[in-house]
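Under UniProt numbering, the residues of the sequence shown are numbered 1 to 251, in order. We treat Cβ as the ideally placed atom computed from N, Cα and C, and that holds for glycine.
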Amino acid sequence: MSGDTPVLRVQGLQRRFGGLMAVSDVDLAVPAGRVLGVIGPNGAGKSTLVNLISGHLRPTAGAVMIGDADLTGARPWRIAQAGVARTFQIVKPFRGLTVADNVTVAVMFGPARIRSRARARREAEEVLERVGLGGKGELPPAELPVADARRLELAKALALRPRVLLLDEVLAGLRPAEIDPALRLIDELRGEGLTLLVIEHIIQAIAAVSDEVLVLHHGAVLTQGPPDEVLGDERVIEAYLGHRYTRKSGS
Ligand SMILES: Nc1ncnc2c1ncn2[C@@H]1O[C@H](COP(=O)(O)OP(=O)(O)OP(=O)(O)O)[C@@H](O)[C@H]1O
Ligand SMILES: [Mg+2]
């Protein structure tokens, strides 16, 4: 991803939990309108990486830059103001509000600060339509099946009109037929100039949407590069896909 100025840049990022190094010396740079796919086994540090970028965790070392701004250790709201939005792997809607109100609140209180409730509501409806939740605005979030709850996470993030979007397993729980439209949406957002970091376990999905793929293993970067190169790398197959793949391909 050289040649362009990165919108999202992470340098020497580290987070320790007691004796565990959850994220260890991670470097990455994503230019505008590019998608960085992040994969790695369970516990590799993917969500911790997102939490460090979004300000929900403070790094023990290293730096997070958004454009020219050094936002290392800044609070989540400041990082959101700088144009960074994220989804949570464990969904976090306001339970007392309807689906549409959840998104309307994000439109009104996000960096865009749209004061008119009617306008915010219209914008929320558009976002809901876009993520595939059209017609479900009046439901309480608790009534959404898991795939829709993840769509709501995405809608709340998009409502902030971000320039950097961090997606933590938004495709988890989608049926195979639902994955393609979700990938098309990611591609569309990329086309609109959004810079994306996409965590996903579905390798085909990552291969389809990513300009580059970064593999985390035990908190550190195992390798990073174009999807076909990275996904064909022996070390990645061994670390990430593990014995199942090795056995299958060997039989
Ligand atoms: N708040 C925390 N306190 C202590 N340990 C934590 C905390 N958050 C994460 N960890 C540990 O850090 C490591 C990385 O966790 P993380 O959630 O980032 O992994 P992940 O790659 O997102 O995994 P998954 O694919 O299961 O979502 C794990 O060993 C986890 O138990
Ligand atoms: Mg995770």
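Regarding residue 14 and ligand 2, is the C-beta to nearest heavy atom distance less than 7 Å?
no
Can you tell me the Cβ-Cβ gap for residue 82 and residue 12, rounded? I've got them flagged as a contact below 8 Å.
Contact flag wrong, Cβ pair sits at about 20 Å.
Where does residue 86 fall in DSSP's three states?
strand
Taking DSSP as the reference, what is the three-state secondary structure of residue 148?
helix
Between the Cα of residue 76 and those of 30, 97, 93 and 52, spot the shortest distance and give me the residue it belongs to.
Checking every option, the nearest Cα to that of residue 76 belongs to 52.
What's the C-alpha gap between residue 8 and residue 142?
33 Å
Report the start-end ranges of each alpha helix (DSSP H) in the stretch 30 to 99 that is 4 residues or longer and not cut off at the edges.
46 to 54 and 76 to 81
Using a 10 Å radius around the Cβ and a threshold of 16 neighbouring Cβ atoms, would you call residue 153 buried or exposed?
buried
For ligand 2, is there a heavy atom less than 7 Å away from the beta-carbon of residue 92?
no
Can you pull every residue whose C-beta falls closer than 6 Å to some heavy atom of ligand 1, listed in chain order?
17, 20, 22, 40, 42, 43, 44, 45, 46, 47, 48 and 89
Rank 106, 113, 160 and 100 by C-alpha distance to the C-alpha of residue 133 and give the top, closest one.
100
With H, G and I counted as helix, E and B as strand and the rest as coil, what does DSSP make of residue 170?
coil
Looking only at its chain, what residues have a beta carbon closer than 6 Å to the beta carbon of residue 170, apart from the 5 residues adjacent to it on each side?
87, 150 and 154
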